[in-house]
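Only one structure is covered here, and it is reproduced in the block below.
This is the structure we're talking about:
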């Protein structure tokens, strides 16, 4: 294991050389990290990456972290191992393949679905499934299409997958359970969504008013000045959607958001805001309908465009982001790191 701050569980050792003896393991200086494995009791087992390592270390050779755990090992921003309630820790999914044998244990979900020969790689000493496999696992077992879409879009946010490669991987899965949901998530996916809340907003909108919605598309005036970049935009109707979460609650951020919306309306784009909370969906849809009514009532030429000026660097796809140099990424993707 080469990742800093991670402690690999050790087996019990009768000689007490490579691990604690049975007697030592009963003491306060060690805690269990799985069958016949221990780590020092000072190690924080609630840290997501430590949880992942402890889950994999006690399983047969050939096992690999998969699903959210493999994605968290690569990019933890939107894969933190915590349920939607913000408190419950999700069990760590581990792929053992169709030839592996392991006993179920608390905090670990075993996947015995067969693996392709190229499904596993090692990163910093930990075997994990490739991103396409990991995303497919989560999307296939998701309870709703929204959950599946969120896994797909957030993996693309981190540039771990692109939709084309994921679609090709889905074709390899044939008729395995959940592949229809996976394919729906890919078809509805977007490589430029910046948060799960934006995915939810987009799906709610599209289910209510089907449209070709863009995520975080930069809007300019006809002089090439950047006006704003809405979370979601319907370029046909000229209606934009913004999610107003906790990050927008500060006074300065709120002032900034209001200024953006004023600029947008001045250019002829109607902005509708979605906020968190129970019962908000229907209220948002009513505001969305009203925004479309106002947009239809507008007259005169459009004062905005999606045509990008020569100085603008388009980062709306995974391929474009992967092609950036380190210096370019630091400049043009900084806003994504602040989301």
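Residue numbers (our numbering): 87 to 425. From the three backbone atoms N, C-alpha and C, an ideal C-beta is built for every residue, glycine too.
### Query
Any idea what DSSP makes of residue 66, helix, strand or coil?
Since the first and last residues shown for the chain are 87 and 425, residue 66 lies out of range.
#### Entry: Stretch pair the segment 360 to 370 + the segment 275 to 282: three plus CB contacts closer than 8 Å
no
#### Entry: Neighbourhood of residue 176 by C-beta, 6 Å cutoff - its chain only, sequence neighbours within 5 removed
167, 169
### Message
Measuring only the C-alpha atoms, how far is residue 398 from residue 414?
### Response
12 Å
### Task
Let me know the secondary structure DSSP gives residue 212 once reduced to three states.
strand
### Query
Could you check where the beta strand (DSSP E) with residue 358 kicks off and where it finishes?
356 to 361
### Query
If we count Cβ pairs, one from each stretch, closer than 8 Å, do we get three or more for the segment 285 to 296 versus the segment 253 to 264?
no
### Task
Return the residue from the list 284, 228, 266, 223 that minimises the CA-CA distance to residue 243.
284
### Query
Hey, quick one: how far does the alpha helix (DSSP H) through residue 239 stretch, first residue to last?
231 to 243
### Task
Leaving out five residues on either side along the sequence, give the residues of the same chain with a beta carbon under 8 Å from the beta carbon of residue 377.
325, 356, 357, 358
### Query
On the three-state DSSP scale, how would you describe residue 222?
Assignment of residue 222 by DSSP, reduced to helix, strand and coil, places it in the helix class.
### Query
In chain order, what residues of the same chain have a beta carbon less than 7 Å from the beta carbon of residue 438, not counting five sequence neighbours either side?
One cannot answer for residue 438 here, as it falls past the ends of the chain, which runs 87 to 425.
### 6 Å CB neighbourhood of residue 269 in its chain, flanking five on each side removed
256
### Beta-carbon proximity of residue 320 to residue 329, cut-off 7 Å
no
### Message
So, for residue 280: in the same chain, excluding its five sequence neighbours on each side, which residues have a beta-carbon less than 7 Å away from its beta-carbon?
### Response
243, 302, 422, 425
### Task
Please check the pair residue 182 and residue 196, which I expect to be a contact at CB under 8 Å, by giving their CB distance rounded to whole angstroms.
6 Å
### Query
Would you report the Cα separation of residue 305 and residue 404, rounded to the nearest angstrom?
20 Å
### Message
At a cut-off of 6 Å, would you count residue 183 as near the ligand ZN, judging by its Cβ distance to the nearest heavy atom?
### Response
Although the ligand ZN was asked about, the structure shown includes no ligands whatsoever.
### Task
Please list, in chain order, all residues of the same chain as residue 152 whose beta carbon is under 8 Å from its beta carbon, the five residues on each side excluded.
179, 180, 181, 197, 214, 215, 219, 220, 223
### Query
From residue 173 to residue 141, what does the alpha carbon distance come to, in whole angstroms?
20 Å
### Task
Quick one: measure Cβ to Cβ for residue 184 and residue 199, integer angstroms, because I've assumed they're closer than 8 Å.
Indeed they touch by this definition, with Cβ atoms about 7 Å apart.
### Task
Quick one: measure Cβ to Cβ for residue 188 and residue 234, integer angstroms, because I've assumed they're closer than 8 Å.
Rounded, the Cβ-Cβ distance is 26 Å, inconsistent with contact.
### Query
Under a three-way DSSP split, which group does residue 408 fall into?
helix
### Query
Near residue 251, which residues of its chain fall below 7 Å by C-beta distance, leaving aside the five closest residues on each side in sequence?
218
### Query
Measuring CA to CA, which of 346, 136, 368, 202 is closest to residue 315?
Minimum Cα distance to residue 315 is reached at 346.
### Task
Starting from the N-terminal side, write out each stretch of the beta strand (DSSP E) that is 3 residues or longer and does not extend beyond the segment 362 to 419.
none
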